[in-house]
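To start, the structure under review is shown below, and the notes come after it.
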Amino acid sequence: MNPVFDEEPLDEETLRKIERSLEDLRAGRVYTLEEVMGELKGG
361 MNPVFDEEPL DEETLRKIER SLEDLRAGRV YTLEEVMGEL KGG
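Position in the sequence shown counted from 1, then plus 360, gives you the working numbering.
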């Protein structure tokens, strides 16, 4: 396996978005695939 490595540093906005996402995960603010698919189908 040959993973791609980007040497360009992440900007502050991207880092904030990642941290916000991690906070959502820790707090349980997540949706299952089934929940998302149900919403997309209008259910």
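Note that beta-carbon positions come from the ideal geometry of N, C-alpha and C, so glycine has one too.
Since we're looking at a predicted model, the values are computed, not measured.
Item, Value
"For Thr392, name the three-state secondary structure that DSSP assigns.", "coil"
"Determine the direct distance from the alpha carbon of Leu375 to that of Glu394, and round the result to whole angstroms.", "29 Å"
"Since Lys377 is in the alpha helix (DSSP H), which residue starts that stretch and which ends it?", "372-387"
"Tell me the DSSP secondary structure of Tyr397 in three-state form.", "A quick correction: the sequence has Met, not Tyr, at residue 397. DSSP places Met397 in helix when its eight states are reduced to three."
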